[in-house]
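Just so you know, the sequence shown maps onto residues 6 to 177 in the numbering used here. Think of the CB as a built atom: it goes at the ideal place given N, C-alpha and C, for glycine as much as any other residue. Being a predicted model, the structure only gives us computed values, none of them experimental.
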Amino acid sequence: MIYVPSKVKRHTHKFPIQASLNIVSLMDIFTILLLFLLVNVSPSGEEEAIPVPGIVQLPASSASIKPEPTITVFITTSDIILGDKKIAKIQDVLNSGDSSIKVLETGLTSQAISIADTNKADTKDKDTKSAKKIIIMGDKTIPFTLLKKVMNSCSRAGYSNITLAVLQKENI
Numbered sequence: 006m007i008y009v010p011s012k013v014k015r016h017t018h019k020f021p022i023q024a025s026l027n028i029v030s031l032m033d034i035f036t037i038l039l040l041f042l043l044v045n046v047s048p049s050g051e052e053e054a055i056p057v058p059g060i061v062q063l064p065a066s067s068a069s070i071k072p073e074p075t076i077t078v079f080i081t082t083s084d085i086i087l088g089d090k091k092i093a094k095i096q097d098v099l100n101s102g103d104s105s106i107k108v109l110e111t112g113l114t115s116q117a118i119s120i121a122d123t124n125k126a127d128t129k130d131k132d133t134k135s136a137k138k139i140i141i142m143g144d145k146t147i148p149f150t151l152l153k154k155v156m157n158s159c160s161r162a163g164y165s166n167i168t169l170a171v172l173q174k175e176n177i
């Protein structure tokens, strides 16, 4: 009679195979993942947003970059507001033939001077361009000519970094 070994006996080896797990590479992966999460999570745990007054309806956008808190110009359906002070009526600005708004320019210039005075101690270590950033929050129904006049006034006052605030669209 011929001896035929079973399948189990054919697949067993003389030496037992021991599986090992290399923990060093796993620790590297978890360390990189932990550092990535620590860098990308905001310190407060909440999304940073600019407060929007109820009188301004912002247009929607799919942009994901969040703005930094800076000087804000609000354009409502009836007024232009710098910070918390009304500085001009929309109809007066639209009826004027100027390409910029003088009242807005003087208000922005005075705010830039006051910011520069309060941040003199901090500007030794930081970039001084942060005082030249401005956010425009305009109602979605305002005409483009008005927005163009406001942006022109901001650039004449020395604010070269102009940001338009919008509502973020939900991803579909």
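CA nearest to the CA of residue i, picked from the options
{"i": "VAL171", "options": "LYS145, LYS153 and VAL155", "result": "LYS145"}
{"i": "LEU115", "options": "PHE41, LEU40 and LYS137", "result": "As written in the sequence, residue 115 is Ser, which differs from the Leu given in the question. When only C-alpha atoms are compared, the closest one is LYS137."}
{"i": "LYS90", "options": "GLY112, GLY102 and SER101", "result": "GLY112"}
{"i": "LEU152", "options": "MET32, ILE118, THR82 and ALA24", "result": "THR82"}
Pair within 8 Å by beta-carbon distance, residue i and residue j
{"i": "VAL155", "j": "VAL78", "result": "yes"}
{"i": "THR75", "j": "ILE140", "result": "yes"}
{"i": "SER104", "j": "ASN45", "result": "no"}
Integer Cβ distance of residue i from residue j, believed to fall under 8 Å
{"i": "THR150", "j": "LEU99", "result": "7 Å"}
{"i": "ILE85", "j": "MET142", "result": "11 Å between Cβ atoms; not a contact."}
Range covered by the beta strand (DSSP E) that runs through residue i
{"i": "LEU169", "result": "166-169"}
{"i": "ILE86", "result": "84-87"}
Terminal residues of the alpha helix (DSSP H) in which residue i lies
{"i": "ILE28", "result": "28-45"}
{"i": "THR75", "result": "Note, THR75: premise wrong, no alpha helix (DSSP H); not H, not E."}
{"i": "ASP97", "result": "95-100"}
{"i": "LYS145", "result": "First-last for LYS145: undefined, no H or E at that position."}
Proximity test, Cβ basis, 8 Å: residue i and chain E
{"i": "THR77", "result": "Although the question refers to chain E, the structure presented lacks it and comprises just one protein chain."}
Original post:
Would you call the region 158-166 and the region 86-97 touching, i.e. three or more CB-CB distances under 8 Å?
Top reply: no
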